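If you count the sequence shown from 1, position 37 lands on 36 in numbering that gives the first Met the number 0, and the numbers rise without skipping. What follows is one structure encoded as structure tokens, with my remarks underneath.
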Amino acid sequence: MRIVAGKHRGRPLAAPPGQQLRPTSDRVREAVFNALCHGNARIGDGDAVRDARVMDGFAGTGALGLEAASRGAAHVTLMDMDATALTFCRQNVTTLGEQAHVTILSGDCLNPVKAAAPCSLIFLDPPYNSGTAAEALTALAGAGWISDGALCVIELAAKEPFEAPDGATILDERRYGAARVVYARWFTENV
């Protein structure tokens, strides 16, 4: 597993052996960031990553958030409640020298702490088939993590049901083997 592009392009990321954390594959990350950075008619035009405040919920190894940091995000928060995940997040942040731009939080996306500032780009990669993505979006919004108009990128199992919660409007969905990525826009007036 490696950083796909940006200032840390090609740098390796540490991950535990086996499927304990199931980090987002390089292929899926590349597709997601191509859509976010180079525009997509359904998702929006322009670069949604550069200078963004980013939340990577259910961060695992931190691969999505660190890819955003590599591509110019202003600040990234990695949130996970698993001790192993947090260890790999810390290791990867240190390896890339991103301590000044990345905050690591031990926390539950279903019951998050209050945000210091809202984020314009949200990544959620909950355990596959857990059915927690919509609940996590609502909880993060309630704690002030999601700004009005924020772009939300949710990775799910390919056949996992997902109903957008009040506040989220689905823009696009893409399938990559066993994974499905849902792109949604958050509008506070819809809550």
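A virtual CB, placed ideally from N, CA and C, is assigned to each residue, including glycine. Just so you know, these numbers come straight off a predicted model, no measurement behind them.
Annotated three-state conformation of A140 is helix, per DSSP. Contact annotation: the region 89 to 102 does not touch the region 124 to 134, with fewer than three C-beta pairs closer than 8 Å. Cβ contact annotation for A51 (same chain, cutoff 8 Å, sequence separation greater than five): A67, A72, A73, C118, S119, L120, in chain order.
Membership of D25 in the alpha helix (DSSP H) is indicated by the continuous run 25 to 37. Counting only the Cα atoms, C88 lies some 5 Å from G61. About 20 Å separates the Cβ atoms of A84 and A114, ruling out a contact at the 8 Å cut-off. Per DSSP, S105 lies in no alpha helix (DSSP H) segment; the continuous beta strand (DSSP E) that holds it begins and ends at 101 to 105. In the structure shown, C108 falls within a coil segment according to DSSP collapsed to helix, strand and coil. Cβ-Cβ distances below 7 Å link A116 to R52 in the same chain, with the five nearest sequence neighbours on each side left out; the list follows chain order. Under the DSSP definition of a beta bridge, F122 partners with D55, V152.
Counting along the chain, no alpha helix (DSSP H) covers T76; the unbroken beta strand (DSSP E) around it starts and ends at 74 to 79.
Between V3 and A178 the beta-carbon gap is near 16 Å, outside 8 Å, which marks them as no contact.
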